[in-house]
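Worksheet: the structure to be examined is printed underneath.
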DNA sequence: AAGTGGTCTAGACCACCTA
DNA sequence: AGGTGGTCTAGACCACTTC
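Protein chains in written order, with the working numbering: chain G, 6 to 243; chain S, 6 to 243.
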């Protein structure tokens with residue numbers, strides 16, 4: 006069993022994605038949905054609120070809920086999808102090489118970024134993401150060891166997020182991203198196939214757990230021609 | 006008068022920003038807030054839900070609501086803040102020059118982007134954003150004329166968003182952004198002080214109204230060294 | 001066991017849109 | 001006037017954390 010409002014959310018979301026509701030048409034009214042799902046209006050409204058937040062519908066007061074074209078927004082509806090996963094999805098022949106996997110003590114800048122003590126242990130992971138044989142993305146990850154006890158190359162080759170959420174059962178709650186463009190460092194030139202590009206796109210990622218503790222700091226360094234970031238922002242009401 | 010839950014939201018948000026609640030400490034429990042604000046629990050929960058979505062607090066089941074460090078997240082809490090406004094905020098001496106303001110018919114690619122008919126009228130606006138005397142950002146905006154009847158250079162020099170939302174009273178509801186890095190066009194070289202940079206950061210913006218109609222397409226072209234994008238994504242529950 | 005937030009209910013009234 | 005979504009209420013029960 007599950008939350009009722011999430012069940013309703015999923016059922017309607019599936020129906021929209023499956024073409025059961027035409028884009029531009031209107032969803033049944035909240036009153037109708039109350040009857041159809043045999044529940045209270047507030048529960049229906051929670052489900053619709055989630056649908057609106059995730060880009061499936063648009064609620065308009067006095068009119069109804071308009072079905073949006075979900076296929077247009079098939080990208081990372083949640084901004085929490087990691088870019089590396091995105092690259093994997095797009096690239097086809099994606100390969101990850103783990104160049105470094107070490108336990109370190111944080112230097113002063115890392116202490117600030119991770120809010121970690123100087124004598125604490127931090128995992129440092131360097132990964133190269135290859136797409137179709139070209140080294141496109143260089144990921145530097147820093148995790149607090151207190152949260153993740155053992156980390157293997159095998160885990161790093163996959164999605165560390167998946168490992169944490171599914172294997173360790175910890176919920177990642179929110180992330181702050183900063184995107185800038187910088188000149189490549191020596192490291193970038195060694196790790197990436199820059200092909201003459203004199204810039205890299207740097208995505209800094211601060212990842213927090215459900216209890217608001219900072220867990221991870223990641224720097225993802227991209228060759229500029231293969232970089233694409235998609236954001237879907239909406240004004241949310243309660 | 007106003008929504009009760011928004012009033013409560015604002016009062017608590019102000020208190021957090023003003024230092025009335027220490028980061029890391031806990032907010033009063035929902036039950037306490039019910040008594041303090043003389044309202045129902047669901048209303049308190051709506052206010053707290055907004056606070057959580059906007060990065061002021063983090064709710065943890067069974068424990069309480071943790072106050073986050075709002076000063077760390079002082080940037081575009083809503084992803085809908087326009088980059089130009091951001092640049093204005095940061096830059097100090099920001100100047101906007103309107104290079105073009107014309108009514109056009111959309112070409113085929115614009116017809117697709119704006120979902121507009123070939124014989125409809127579209128405003129085309131070119132604006133250069135100067136910061137401290139350097140031409141840093143080149144904005145190309147396309148608006149459907151049916152929504153905005155008269156547009157002046159004066160309006161374009163300020164924030165077109167403000168004009169639409171406050172003067173015209175239309176609510177911008179959500180936006181989709183795409184960020185890529187491209188080689189500069191001739192136009193970019195003419196309009197911007199590129200100073201040898203061989204890339205520009207291109208932010209494409211699709212802006213929708215409350216009723217889900219697409220209204221505006223913007224391309225914001227940035228000199229790479231001055232570009233910074235900040236995103237704050239959170240997993241939201243109802 | 002007590003306290004916290006998470007879900008759910010049944011009903012009320014309001015604001016907005018369409019007719 | 002009737003339908004729609006937006007807000008608000010008072011109460012219930014559940015899940016999780018802390019003691």
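Just so it is clear, CB atoms sit at the ideal spot from N, CA and C, and this is done for glycine as well.
Just so we're clear, the structure is a prediction, and the values are computed from it rather than from any experiment.
Take the Cβ of residue i as the centre, count every other Cβ of all protein chains shown within 10 Å, and call the residue buried at 16 or more, exposed below.
i, result
"residue 190 (chain G)", "exposed"
"residue 60 (chain S)", "buried"
"residue 87 (chain S)", "Here residue 87 (chain S) scores only 47 on pLDDT, less than 50, and its place in the model should not be relied on; the value that follows carries that caveat. The residue in question, residue 87 (chain S), is buried, as its Cβ has 16 or more Cβ neighbours within 10 Å."
"residue 236 (chain G)", "buried"
"residue 134 (chain S)", "buried"
"residue 68 (chain G)", "exposed"
"residue 112 (chain G)", "exposed"
"residue 66 (chain G)", "exposed"
"residue 110 (chain S)", "exposed"
"residue 210 (chain S)", "buried"
"residue 223 (chain S)", "buried"
"residue 58 (chain S)", "buried"
"residue 227 (chain S)", "buried"
"residue 43 (chain S)", "exposed"
"residue 56 (chain G)", "buried"
"residue 146 (chain G)", "buried"
"residue 30 (chain G)", "exposed"
"residue 84 (chain S)", "Low local confidence applies: a pLDDT of 43 at residue 84 (chain S) is under 50, so the model's placement there is unreliable, with the coordinate-based value given in what follows. Counting Cβ neighbours within 10 Å, residue 84 (chain S) comes out buried, since at least 16 surround it."
"residue 38 (chain S)", "buried"
Between the Cα of residue i and the Cα atoms of the options, which residue gives the shortest distance?
i, options, result
"residue 187 (chain G)", "S:229, S:212, S:210", "S:229"
"residue 203 (chain G)", "G:211, G:209, G:210, G:194", "G:194"
"residue 183 (chain S)", "S:36, S:213, S:225, S:220", "S:225"
"residue 106 (chain G)", "G:165, G:8, G:16, G:48", "G:165"
"residue 16 (chain G)", "G:35, G:52, G:43", "G:52"
"residue 122 (chain S)", "S:34, S:232, S:40, S:150", "S:150"
"residue 143 (chain G)", "G:221, G:201, G:196", "G:196"
"residue 63 (chain S)", "S:127, S:32, S:132, S:212", "S:32"
"residue 140 (chain S)", "S:148, S:116, S:104", "S:104"
"residue 23 (chain S)", "S:74, S:41, S:114, S:54", "S:74"
"residue 231 (chain G)", "G:198, G:212, G:220", "G:198"
"residue 117 (chain G)", "G:35, G:233, G:70, G:219", "G:219"
"residue 126 (chain S)", "S:20, S:153, S:26", "S:153"
"residue 159 (chain G)", "G:185, G:148, G:130, G:36", "G:130"
"residue 162 (chain S)", "S:132, S:71, S:146", "S:132"
"residue 221 (chain S)", "S:180, S:29, S:192, S:101", "S:180"
"residue 35 (chain G)", "G:54, G:147, G:102", "G:54"
"residue 148 (chain S)", "S:192, S:119, S:136, S:137", "S:119"
"residue 157 (chain S)", "S:40, S:100, S:128", "S:128"
"residue 206 (chain S)", "S:212, S:233, S:213", "S:233"
"residue 138 (chain S)", "S:114, S:101, S:115", "S:101"
"residue 136 (chain G)", "G:208, G:21, G:99", "G:99"
"residue 214 (chain G)", "S:192, S:26, S:18, S:71", "S:71"
Check residue i in the structure and name its three-state DSSP category.
i, result
"residue 156 (chain G)", "coil"
"residue 27 (chain G)", "coil"
"residue 8 (chain S)", "coil"
"residue 36 (chain S)", "helix"
"residue 64 (chain S)", "strand"
"residue 124 (chain G)", "coil"
"residue 213 (chain G)", "strand"
"residue 16 (chain G)", "helix"
"residue 233 (chain S)", "coil"
Tell me which residue opens and which closes the beta strand (DSSP E) that residue i is part of.
i, result
"residue 223 (chain G)", "219-227"
"residue 146 (chain G)", "139-149"
"residue 99 (chain G)", "99-109"
Can you give me the start and stop residues for the alpha helix (DSSP H) that residue i sits inside?
i, result
"residue 48 (chain S)", "46-58"
"residue 73 (chain S)", "Premise fails: residue 73 (chain S) is in no alpha helix (DSSP H) and is neither H nor E."
"residue 192 (chain G)", "191-196"
"residue 113 (chain G)", "113-119"
Exercise for review: Please determine if the stretch 47-62 of chain G and the stretch 7-14 of chain G are in contact, where contact requires at least 3 C-beta pairs separated by less than 8 Å.
Suggested key: Contact between the stretch 47-62 of chain G and the stretch 7-14 of chain G is present, because at least three Cβ pairs lie under 8 Å.
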